[in-house]
Amino acid sequence: MLGVIGGSGFYELAKDVRRQKVPTPYGSVFLSIAEINGKEVAFIPRHGEDHSIPPHKVNYRANVWALQELGATAAFTTYASGILSKYKPGDLILLNDFISFFTHETFFDSFEDGPHHTDVSEPFNRKLIEYAKEAAVIHSIKLKEGGVVATTIGPRFETPAEVRALKKLGANLVCMTAGHEVPLFAEAEIPLVSIAVGTNLAAGLAGHKLTHQEVVDMMIKKTGEIKLILKEFVNFVD
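The end of the sequence shown is residue 237 by numbering that gives the first Met the number 0, with every number in the run present.
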């Protein structure tokens, strides 16, 4: 089964779905299961179907645990991201790495049964990245590569000084969620591929005040392309 977590503006995978409640040690997760090309796909809208959950309140551990509980063999996630360099608004970007100094989500709250230090040398699965590229080609959708996303806490946008600092550290994108979520997939040993949508130029680069609406508007505009990629991508997943 493929597990999908959609970011801002991506609240629904399909119309014909089965709703399911999945209990986890961190609380219950309400998700939907759709059939795409004869395969079941579990979908979680990260911020809720009505975008009522801010980034610092998302139950990341419950979401990833629920997908693991359902037997997900691969995961596909999307992130609305501010652009620091290299890309332009509207670009779909395959993530290659992430920077996260401000997040603490982990399944290992105790070392009673021994230390757990998860390797994240390759946070995004190379084989799944190639599958996503092949899926995009089928529909002539351009996927940019080399995304390095930094994660802040939110819900506020970053300051221009933070943007300059993150850029110097090697990030070319910034969001409020990836760094909370990606390490959990590594801990759960679920192979992951992620697409960032470059929604806007980050603070200090845009030339105007940032708004949530411009982020959502761009995500909604690009969600159709993401769904087309997903429709083909699912064929590559066992």
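Ideal placement from N, C-alpha and C gives every residue a C-beta, glycine not left out.
Q | Nearest-angstrom Cα separation, counted from Leu168 out to Asp49 | A | Against the sequence shown, residue 49 aligns to sequence position 50. Against the sequence shown, residue 168 aligns to sequence position 169. In a straight line, the C-alpha of Asp49 is about 34 Å away from that of Leu168.
Q) Can you name the start and end residues of the alpha helix (DSSP H) that Pro24 belongs to? A) Working through the sequence shown from its first residue, we reach residue 24 at position 25. In the DSSP assignment, Pro24 falls outside any alpha helix (DSSP H), carrying neither H nor E.
Q: Express the C-alpha separation of Glu111 and Thr222 in angstroms, rounding to a whole number.
A: In the sequence shown, counting from the first residue as 1, residue 222 sits at position 223. In the sequence shown, counting from the first residue as 1, residue 111 sits at position 112. Thr222 and Glu111: Cα-Cα distance of roughly 43 Å.
Q.
Going by the DSSP bridge assignment, what does Ile32 pair with across the sheet?
A. Taking the first residue of the sequence shown as 1, we reach residue 32 at position 33. Beta-bridge partners of Ile32 (DSSP): Arg17 and Ala41.
Q) How long is the line joining the alpha carbons of Lys143 and Leu93, rounded to whole angstroms? A) Stepping through the sequence shown from its first residue, residue 143 is reached at position 144. Stepping through the sequence shown from its first residue, residue 93 is reached at position 94. When rounded, the separation of the alpha-carbon atoms in Lys143 and Leu93 is 6 Å.
**Q.** Cβ-based burial, Glu180 [other Cβ within 10 Å; buried from 16]
**A.** Position 181 of the sequence shown holds residue 180. So Glu180 counts as buried.
Q) By Cβ distance, which residues of its chain are closer than 6 Å to Tyr10, with the 5 residues on each side in sequence left out? A) For the purposes of this step, residue 10 is taken as the residue at position 11 of the sequence shown. Contacts found: Pro44 and Glu48.
Q) So which of Ala201, Pro190, Asn124 and Pro122 has the shortest CA-CA distance to Thr158? A) Locating residue 158 in the sequence shown gives position 159, where the first residue counts as 1. For the options Ala201, Pro190, Asn124 and Pro122, the alpha carbon positioned closest to that of Thr158 is the one of Ala201.
Q) Should the region 216 to 230 be called in touch with the region 146 to 165, which here means at least 3 C-beta pairs below 8 Å? A) Taking 8 Å as the limit for Cβ pairs, the verdict is that the region 146 to 165 does not touch the region 216 to 230.
Q | Beta-ladder partner(s) of Val173, from DSSP | A | The residue you call residue 173 lines up with position 174 of the sequence shown. Assignment of beta-bridge partners to Val173 by DSSP yields Gly81 and Ala149.
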